[in-house]
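Engineer:
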Amino acid sequence: MFHSLEKQIAAAFHAHIQIRYGIDLPVAAEQPRQSEFGEIAIPAAFQLARHLKQAPKRIAAEIVAEIGPVEGVAAMEVAGNGYINVRLDRGAYAEALLRGEGEEAAETGEKIIVEHTNINPNKAAHIGHLRNAALGDTFVRMLRARGNRVEVQNYIDNTGVQVADVVAGFHYLDHKGPAEVQTLIDDATVRFDYYCWDLYAKISGYYKDHPESLAWRAETLHAIEAGEGELAELAHLVADTVVAAHLATMQRLDVEYDVLPRESEILHLHFWSAAFDLLKERKAIYFETEGKNAGCWVMPGLSEEGKVIVRSDGTVVYTGKDIAYQLWKFGLLGKDFYYRPWSSYSDGRVVWVSTDEPTESGQHFGHGSRVYNVIDSRQSYLQDVVVAGLRALGYNEQADRSIHFNYEMVALSPRCCADLGIPLSEEDRKRPYVEVSGRKGLGVKADDLIDTLIARALEEVVSRHPENSEEENRRAAGQIAIAALRYFLLKYTRNTVIAFDLQEALSFEGDTGPYLQYSAVRARNILRKLEERGEEIPDFTSELNREALARQLQWEDFWQLLLGASKADSAIESAVSAGEPAHVAKYAFQLAQAFSNFYQKYPVIHEARREKKVFLLWMTDFFRRQLARTAGILGIQVPEYM
RNA sequence: GCGCCCGUAGCUCAGUUGGAUAGAGCGUCUGGCUACGAACCAGAAGGCCGGGUGUUCGAGUCACCCCGGGCGCACCA
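Mapped onto the numbering used here, the consecutive letters of the first sequence carry residue numbers 26 to 667.
1) Counting only the same chain and skipping the five closest in sequence on each side, list residues whose C-beta sits under 7 Å from that of Arg514.
2) Which value, in whole angstroms, describes the spacing of the CA atoms of Trp322 and Gly339?
3) DSSP state of Tyr108, grouped into three classes?
4) Can you list, in chain order, the stretches of the beta strand (DSSP E) that have 3 or more residues and sit fully within the stretch 83-166?
5) Beta-carbon within less than 7 Å of Met275's beta-carbon, same chain only, minus the 5 sequence neighbours each way: which residues are those?
6) Below 7 Å CB to CB, which residues in the same chain sit around Val95 once its five sequence neighbours on both sides are set aside?
7) Assuming Val139 and Leu285 are in contact, meaning their beta carbons sit under 8 Å apart, how far apart are those beta carbons, in whole angstroms?
8) Hey, quick one: how far does the beta strand (DSSP E) through Thr521 stretch, first residue to last?
9) Tell me which same chain residues have a C-beta within less than 6 Å of the C-beta of Val165, skipping the five on either side of it?
10) Can you tell me the Cβ-Cβ gap for Arg464 and Ala264, rounded? I've got them flagged as a contact below 8 Å.
11) Is Glu258 near Pro203, with beta carbons less than 7 Å apart?
12) Buried or exposed: which applies to Asp190, given that a residue is buried once 16 or more other Cβ atoms fall within 10 Å of its Cβ?
13) Out of curiosity, what's the CA-to-CA distance linking Leu278 and Asp476?
14) Helix, strand or coil: which one does DSSP assign to Tyr282?
15) Glu492 by DSSP, collapsed to three states: which one?
16) Rounded C-beta distance between Leu123 and Glu64? I'm assuming under 8 Å.
17) Can you give me the C-alpha to C-alpha distance between Arg454 and Lys592, rounded to a whole angstrom?
18) Considering only DSSP beta bridges, list what Val335 is partnered with.
19) For the candidate residues Ala240, Tyr108, Arg115 and Gly107, whose alpha-carbon lies nearest to that of Val98?
20) Please report the residue range of the beta strand (DSSP E) in which Asn431 lies.
21) State the start and end residues of the unbroken alpha helix (DSSP H) segment that holds Ile597.
22) Hey, is the stretch 395-410 in contact with the stretch 420-431, meaning 3+ C-beta pairs nearer than 8 Å?
23) Need the endpoints of the alpha helix (DSSP H) that Val396 sits in, please.
24) Ordered along the chain, which non-local residues of its own chain (more than five positions away) have a Cβ less than 8 Å from that of Ala74?
25) Go through the stretch 615-655 residue by residue and report every complete run of the alpha helix (DSSP H) that reaches 4 residues or more, in order.
26) Assuming Pro366 is part of the beta strand (DSSP E), what are its boundary residues?
27) What ranges does the alpha helix (DSSP H) occupy inside the stretch 182-207, keeping only unbroken runs of at least 4 residues that lie completely in it?
28) Mapping DSSP to helix, strand and coil, what is Lys308?
29) Of the residues Pro664, Tyr666, Glu665 and Ala656, which one's Cα is nearest the Cα of Met167?
30) Check whether the Cβ of Ala99 lies closer than 6 Å to any heavy atom of the ligand ZN, and answer yes or no.
31) State the Cα-Cα distance for the pair Ala117 and Leu578, rounded to the nearest angstrom.
32) Which residues does DSSP pair with Ala436 in a beta bridge?
33) Out of Leu224, Leu198 and Ala619, state which residue places its alpha-carbon closest to the alpha-carbon of Ser238.
34) Between which two residues does the alpha helix (DSSP H) harbouring Gln585 extend?
35) Taking Asn173 as the reference, give the member of Ile144, Ile523, Lys136 and Asn147 with the closest Cα.
36) Counting only the same chain and skipping the five closest in sequence on each side, list residues whose C-beta sits under 8 Å from that of Arg242.
Here it is in structure tokens:
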């Protein structure tokens with residue numbers, strides 16, 4: 026609502042300035058620093074001052090005097106050195122909100138692809154992976170909330186070095202074949218992804234102590250690529266099982282996917298050779314004959330030596346496959362995968378996985394017009410290579426629409442390592458944070474963290490609601506734990522390194538997910554309590570007219586809460602353009618804060634005057650809906666009670 | 001060496017793309033529960049926005065130079 030009105034008012038100024046001064050000025054609408062200054066500030070006079078060579082203050086006064094009535098605006102005034110402060114017509118604004126106007130979502134035809142999660146399927150997910158998924162999933166929800174069509178892809182690198190290492194661990198260190206590994210998978214007392222976590226650390230350590238054994242890795246990679254033999258079979262078994270574990274972990278956070286494109290199909294369906302032909306044909310890469318890259322196909326430009334795409338033994342590096350994948354996402358490769366169902370969600374939606382065998386599914390993916398790759402900042406260089414590849418092929422437009430949605434890593438605070446019993450070197454203890462390492466098995470497993478959070482939340486819920494059933498309390502605790510976790514991962518802006526601290530993540534007070542939930546739960550408790558007392562929730566539209574609304578909204582407290590709650594769409598819009606899910610979190614928190622204050626100050630149910638009571642109930646209901654919606658975009662549900 | 005990121009209250013972080021008197025949470029201190037359940041609210045203390053020079057009506061925000069920290073720059077991903 027606010028968003029569309031703001032645009033409308035800016036447009037009125039734009040039109041006036043165009044006619045009056047003959048200047049096509051892009052008019053910005055800002056939020057005044059203080060609420061007493063009104064709802065919208067127009068700084069246009071500052072820009073005009075340059076063109077007109079007059080004082081901004083004078084120009085602002087002239088515009089205010091001449092612009093005439095603007096719809097939805099009650100008053101305008103000049104302030105500061107030349108701001109035009111706009112005051113909205115409160116009654117009209119509230120009436121429009123009451124009738125549910127101005128909430129249209131502009132559906133755009135283009136399809137946006139968001140790729141996120143992308144965990145190597147060789148071990149359990151850790152806290153860093155959760156940041157990726159929470160950011161990606163929330164961004165998807167933000168886009169969908171404003172009407173965009175979005176396809177969520179989770180790329181599975183099931184033929185890479187990391188999977189190969191775990192396979193080598195099973196085969197060479199543990200001497201286990203596919204049958205034994207299958208037994209392990211079927212054993213309910215073993216968490217297979219956790220087992221692989223340890224095995225990966227074990228073989229990484231072994232490689233370090235016995236460099237000659239790296240031959241195992243090469244042999245395993247070859248076997249996987251050939252797709253034959255026991256090692257290849259093991260690779261499939263390991264990768265598929267771990268992918269299922271990852272999806273189950275992500276499901277706990279309400280993170281869902283549309284399709285799982287796999288590297289094995291990139292290879293078997295010859296996506297790479299198609300891309301390779303294109304790259305050679307358009308001279309995007311060249312065959313190096315001398316120097317340290319002799320015998321390799323190299324992409325020039327990004328670094329002094331260029332980036333090797335095809336090794337001297339003829340195998341392609343990951344980035345090469347990624348170029349093929351990126352081309353496919355835009356529909357530029359002239360090839361597609363086949364698809365079969367991988368699993369389905371409780372609402373029946375199917376997650377599809379790529380396959381190399383023709384199927385009757387009729388499914389098609391890709392052909393996006395814009396692609397967001399949610400990948401941490403350490404891989405910026407590789408992402409630049411991919412984009413440079415598109416450019417070298419002449420796909421400049423697609424290169425511009427390839428967005429590396431980067432974010433900083435999640436590290437561990439030294440205190441956290443101490444809490445978790447992770448030994449640190451003297452040097453590490455002095456650092457601000459310690460990087461997690463899969464190879465060293467150093468990190469916080471996602472499911473362990475979620476379990477801890479749920480246990481904590483359950484303690485709190487049970488202490489407050491011993492009368493409720495265990496099932497109900499578990500349900501609420503689960504929702505609270507997820508809210509705490511998702512909010513914790515989202516409240517930091519993307520380029521902030523999160524030094525993970527268990528005690529902070531476990532907090533349910535202050536700037537946290539549970540605070541949002543608590544605020545929404547309290548709003549609903551008011552409405553529920555009213556009905557329990559035998560009163561009915563009024564029909565707001567028939568009991569409140571414009572005049573009544575205007576009367577009540579003379580109270581600044583009420584107006585500010587209503588205004589704030591009506592800005593959800595505006596907040597989402599600016600968060601999308603800034604690419605910052607954290608902005609949505611911040612908005613939700615401020616909104617919850619405003620309501621907590623309102624809740625404390627105004628006893629809604631005990632209000633004696635009818636008009637005011639109905640108005641307060643409507644405010645409560647409006648706030649509740651807006652906060653629930655915003656929390657939903659963060660992937661946070663509002664529990665029945667807490 | 002080259003490239004990118006960061007430095008804001010005791011701690012952890014925001015800061016609407018250059019705007020009005022720099023904000024929040026935690027922590028500390030003070031006050032508020034017979035309940036629309038305090039996982040809350042109100043108030044207080046706490047700042048050379050790392051340092052310097054510039055750009056202009058105006059800089060936490062932009063440019064350049066220092067200082068301090070992080071991450072990249074593989075025939076790993």
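Just so you know, even glycine gets a beta-carbon here, dropped at the ideal spot from N, CA and C.
Note that the structure is predicted; figures quoted are calculated from it, not measured.
Structural biologist: According to the data block:
1) What sits at residue 514 in the sequence shown is Leu, not Arg. If you ignore the 5 residues before and after Leu514, its C-beta comes within less than 7 Å of the C-beta of Leu155, Arg156 and Ala159, all in its own chain and listed in chain order.
2) Taking the Cα positions, Trp322 is about 9 Å away from Gly339.
3) For Tyr108, the secondary structure class from DSSP, reduced to helix, strand or coil, is strand.
4) Assignment of beta strand (DSSP E) within the stretch 83-166, counting only whole runs of 3 or more residues, yields 98-104, 108-113 and 136-140 in chain order.
5) Thr142 and Ala158.
6) Only Ile34 and Ala37 meet the Cβ criterion.
7) Actually they do not touch by this definition, with Cβ atoms about 14 Å apart.
8) It is not in any beta strand (DSSP E) - Thr521 carries neither H nor E in the DSSP assignment.
9) Within the same chain, Val165 has close Cβ partners Val139, Val175 and Val177.
10) The pair is not a contact, with the Cβ atoms about 18 Å apart (cut-off 8 Å).
11) A contact, by the Cβ cut-off of 7 Å.
12) The residue in question, Asp190, is buried, as its Cβ has 16 or more Cβ neighbours within 10 Å.
13) Rounded to the nearest angstrom, the two C-alpha atoms are 12 Å apart.
14) DSSP, reduced to helix, strand and coil, places Tyr282 outside both helices and strands of the structure shown, so it counts as coil.
15) Here Glu492 sits in coil by DSSP.
16) Leu123 to Glu64, Cβ: 18 Å. No contact.
17) Their backbone Cα atoms lie some 44 Å apart in a straight line.
18) Paired residue(s): Trp322 and Val341.
19) Of the listed residues, the one whose Cα sits closest to Val98 is Arg115.
20) Note, Asn431: beta strand (DSSP E), Ser427 to Tyr432.
21) Ile597 -> alpha helix (DSSP H) spans Ala593 to Ala603.
22) Contact between the stretch 395-410 and the stretch 420-431 is present: three or more C-beta pairs spanning the two stretches fall below 8 Å.
23) First-last for Val396: Arg395 to Asp401, but that is the beta strand (DSSP E), not the alpha helix (DSSP H).
24) Counting only Cβ-Cβ distances below 8 Å, and skipping sequence neighbours, we find Ala80, Pro81, Ile84 and Gly107.
25) Listed in chain order, nothing qualifies, since the stretch 615-655 has no complete alpha helix (DSSP H) run of 4 or more residues.
26) Segment Tyr363 to Ser369, the beta strand (DSSP E) holding Pro366.
27) Runs of the alpha helix (DSSP H) lying entirely within the stretch 182-207, each at least 4 residues long, are 186-193 in chain order.
28) Of the three classes helix, strand and coil, the one that applies to Lys308 here is coil, per DSSP.
29) Proximity to Met167 across Pro664, Tyr666, Glu665 and Ala656 peaks at Ala656, based on C-alpha coordinates.
30) This structure lacks the ligand ZN; in fact it carries no ligand of any kind.
31) Their Cα atoms are separated by approximately 11 Å.
32) Glu460 and Ala524, per the DSSP bridge assignment.
33) Nearest option by C-alpha distance: Leu198.
34) That run of the alpha helix (DSSP H) goes Glu581 to Ala590.
35) Cα-wise, what sits closest to Asn173 is Lys136.
36) Cβ within range, chain order: Val186, Ala189, Asp190, Ala193 and Tyr232.
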